[in-house]
Amino acid sequence: MHDESTVTARPGLDAEQRVVDTVYARLDDLRDETNRRLAEVRRSGPSGSPQNRSERDAFASLYEDRIAQFDAVEDRLCFGRLDMASGERLYVGRIGLSDDDHVPLLTDWRAPAATPFYAATAAHPSGVVNRRHLTTRGRTVTAVEDDVLDVEALRALGQHDSLAGEGALLAALDARRTGRMGDIVATIQSEQDAVIRAPLQGALVVQGGPGTGKTAVALHRAAYLLYHHRDLLERRGVLLIGPSASFLRYIDQVLPSLGETGAVSTTLAGLVRGIGPAVREDDDVAGLKGRADMAGVIRAAVRERQRIPRKDQEFRIDGRPVVLKRSDVREAQARARRDGKPHNEARAAFAKEMINRLSRQVADYLGPEIEEADRREIARDLREDRDIRIAINLCWLPVTPVALLRDLLSKRHILDACAARLSVAERELLFRSADSALTDADVPLLDEAAELLGDLPQAASPKQDRKAELRYAKEVLANVGGDGLVTAEMLADRMRAPALRRSIAERASEDRSWTYGHVVVDEAQELSPMAWRMLLRRCPSRSFTIVGDVAQTSSPAGTRWWPETMDPQFQAGWTLRELTVSYRIPAAVAQAAQSFARAAGLPVSDISAAREVADAMSTIAVARASDVAARAIAAAADESVALAERGGGLVAIIAPLDIVEKVAATAPSGVEVLVARDAKGLEYDAVVVADPAAVGHVPQDLYVALTRPTRRLVLVHSGCLPAGLSAP
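In structure tokens, the structure reads:
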């Protein structure tokens, strides 16, 4: 980067302030008008016909959503300006705004017209003469920065290619951490923008080293896709999969700040109903459970619940003999499977077929003169007979996913029968007691079981005529007076039955078979083949944004090379993009982390750091290993004090598992203490790594720990540092 590559323009502040004031005034007017209309709807009360109440509820819901969007985009509403060669001038912001005469005041950052704000370069200016970045605090413009893209002007100034809005970018990166990820909409760089605006179809894999903005890019891509494919995605939603609940809390404000609420954020475990928090599985067992051939084991466990008795069984109905024959059971099971329904749903067909066969036995015993009414009575008697019900149930056992997995892993005879293709040693790894807690590696197995077992049939919602809905919605708008905030399409959607007006998250959580329009997966390198199976079931269109870093893979069933994971799942329907600039990590820290990663043989991506930070890294050596914890705590306290002097910030101690509880017990207030795997995807102003050699027993874990800070990294160690690391 070159400091001389940008021109800071101070004299333009007043003019830009007037523009920003106008934009905020329009936002306030729209918010006030929407609040007024919402108040009118609420004053009308719940009286009237069901149709009238539905109309009021629909309007109220739309107005509430609109107000929430206005509130979410309040901060840094307008952040850029494009001066075009044609003489046109566009202001770029979080959402699009126009005045009462429909003259554009602000262009949504996702709109095609705003693309040059992120993609234009000196070599390819896309008709842009000048790109201006506006820095605001509250509603006040505090600075502007110009990127002059006219080639002749650049030559005259002796400038070269640089980061777009370098001053604004570095100022944002230098800001203290708050414990919540902020959006990067004002400082998206060209290589990030190319990923954000990539086509919806297929799977896009984004590989990037630490600090390259993978997560932020994925979230902005979700907002971009929701904007450009709203008809497709708003109904089905976008699913965002994160590695942990703490990670989801960290990113939970990004999409709302971009004006979007149509995404469902959860962990893998959150996709499976009926399980609480799952404990972490041992690595060797997790690696085995994550293998694709475990799908066959689960399938065999389901089939094991469809049993054939060892011998024919005789019962008596009103003194008459009836025999449950092994051959009848076998044929009835085959007939029940023929429709391809899940196990629990197909059980009804099996039971009905068995009752029919037993009824024929009784009817044959009574002779051909039997009346139809008598046949129905015979079938009823058979269904109500306790012993026969038990016998039929034992031939086709209804079961929940949790019970199926519990029995599979805790009963040796079932495990040996269903996992016969696994070695004895592998089956021994899987075996556990019946009261064992569920683990994170069990989640994909439970989902596989749920798919094969199925739910009880539920009544489907009646289909409605979309054209009639739209026609009626237009009539309602004509009667109440259109305000431009609500379209007929929006109102028709909200006027549907209350169940259909619930959020996507509410509807999806109650429907195991819900499929999404697009899926975003963060820290995707950790997913096992079985985990990929459960995600692919939720997006049959195979429309995915997948971000990760194979150098950070810690899961034994995770990805070390993208093609070996993506090819089996997506065949030719995936592409790979790579982010190469680390914006978050100080250059000295990035260099040390890369040096360690290469020495450890990790498949590390080459990255260049955008930031030089003075005194970014230090090491503290202690004489004894037992002193590491106390010295790490003291170092964290020192970093907290130093950060407080410059406005505050977040400090974390990353420690090996065997001392993390000891460190957490006496760590200073406000200092987060965690193991490396729980720090994945997070960032802190300062990080203290306690005993790097112990953390580095799994090299990927130490690589993660080294790359969490935005300002300072402190290594507290006894003995030698791991290969590739050296004291500065």
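To convert, note that position 10 of the sequence shown is 12 in the working numbering; the numbers rise steadily by one, no gaps. Built from N, CA and C at the ideal position, the CB exists for glycine as well.
Margin query: Between Asp629, Met86 and Pro344, which has its C-alpha nearest Thr117's C-alpha?
Written below: Met86
Next item on the list: Spell out the partners DSSP gives Met86 in its beta bridges.
Entry: Val130
Next item on the list: Ignoring anything shorter than 3 residues or poking outside the region 306-378, list the beta strand (DSSP E) runs there in chain order.
Entry: 315-319 and 322-326
Next item on the list: For Val401, I'd like the list of residues in its chain whose CB is within less than 7 Å of its CB, leaving aside the five on either flank, ordered along the chain.
Entry: Arg307 and Leu455
Note to self: Please report the distance separating the alpha-carbon of Arg710 from that of Ala350.
What the structure shows: 55 Å
Notebook entry, point to check: Could you give the distance in angstroms between the alpha-carbon of Ile319 and the alpha-carbon of Arg391?
Noted result: 13 Å
Notebook entry, point to check: Between the C-alpha atoms of Phe572 and Val522, what's the straight-line distance to the nearest angstrom?
Noted result: 15 Å
Margin query: If contacts are defined as beta-carbon pairs under 8 Å, then Asp629 and Val653 qualify, I think. What distance do you get, rounded to the angstrom?
Written below: 20 Å between Cβ atoms; not a contact.
Notebook entry, point to check: For Asp437, which beta-bridge partners are listed by DSSP?
Noted result: Partner(s): none; Asp437 has no beta bridge.
Notebook entry, point to check: Of the residues Asp513, Gly244 and Pro212, which one's Cα is nearest the Cα of Val583?
Noted result: Pro212
Checklist line | Segments assigned alpha helix (DSSP H), at least 4 residues, entirely inside the region 559-629 | finding: 564-572 and 589-601
Note to self: Using C-beta distances below 7 Å, list every residue in its chain close to Glu685, excluding the 5 sequence neighbours before and after it, in chain order.
What the structure shows: Arg179, Arg586, Arg710 and Thr712
Check: Cα separation between Ile372 and Val364?
Finding: 10 Å
Note to self: By alpha-carbon positions, which one of Val404, Asp693, Thr561 and Met356 ends up nearest to Ser329?
What the structure shows: Met356
Check: Skipping 5 residues on each side, what residues in its chain have a beta carbon closer than 8 Å to that of Glu262?
Finding: Ala224, Ala225, Leu228 and Tyr229
Item checked: Arg237 burial status per 10 Å Cβ neighbour count (16 or more: buried) -> exposed
Next item on the list: May I ask you to report which of helix, strand or coil DSSP gives Gly289?
Entry: helix
Checklist line | Spatial distance of Ala526 from Asp34 (CA atoms) | finding: 43 Å
Next item on the list: Return the CA-CA distance between Cys80 and Ile656, expressed in angstroms with no decimal places.
Entry: 38 Å
Next item on the list: Taking only the alpha-carbon atoms, compute the straight-line gap between Ser766 and Ala60 and give it to the nearest angstrom.
Entry: Residue 766 lies beyond the stretch modelled for the chain, which goes from 3 to 730, so this question has no answer here.
Next item on the list: Taking 8 Å as the threshold, find out whether the region 264-274 comes into contact with the region 533-541 through three or more Cβ pairs.
Entry: yes
Note to self: On the criterion of 16 or more Cβ atoms from any shown chain inside 10 Å, does Asp73 qualify as buried, or is it exposed?
What the structure shows: exposed
Margin query: So for Trp398, helix, strand or coil by DSSP?
Written below: strand
Notebook entry, point to check: Cβ atoms of Arg133 and Leu151: under 8 Å apart, would you say?
Noted result: yes
Note to self: What would DSSP say about Ala657, mapped onto helix, strand or coil?
What the structure shows: coil
Check: Alpha carbon to alpha carbon, what distance is there between Ala681 and Lys354?
Finding: 54 Å
Next item on the list: Buried or exposed for Arg737, please, with buried defined as at least 16 other CB atoms from any protein chain shown within 10 angstroms of its CB.
Entry: Nothing about residue 737 can be read from this structure; the chain reaches only from 3 to 730.
Notebook entry, point to check: Thinking C-alpha only, which one of Asp442, Ala451 and Ser556 is nearest Leu410?
Noted result: Ala451
Item checked: Simplified DSSP state of Ala725, which is helix, strand or coil -> coil
Check: When DSSP labels each residue in this structure, what does Gln209 get in the three-state scheme?
Finding: strand
Check: Do the region 566-580 and the region 591-598 meet, that is, are 3 or more Cβ pairs less than 8 Å apart?
Finding: no
Next item on the list: Can you give me the start and stop residues for the beta strand (DSSP E) that Val281 sits inside?
Entry: From DSSP, Val281 is part of no beta strand (DSSP E); its letter is neither H nor E.
Notebook entry, point to check: What are the complete beta strand (DSSP E) segments, minimum 3 residues, inside the region 633-693?
Noted result: 653-656, 673-676 and 686-692
Notebook entry, point to check: When the Cα atoms are used, what is the spatial distance from Phe433 to Ala122?
Noted result: 58 Å
Check: What separation, rounded to the nearest whole angstrom, lies between the Cα atoms of Val706 and Arg679?
Finding: 8 Å
Check: How many Å lie between Asp195 and Phe119 at the Cα?
Finding: 10 Å
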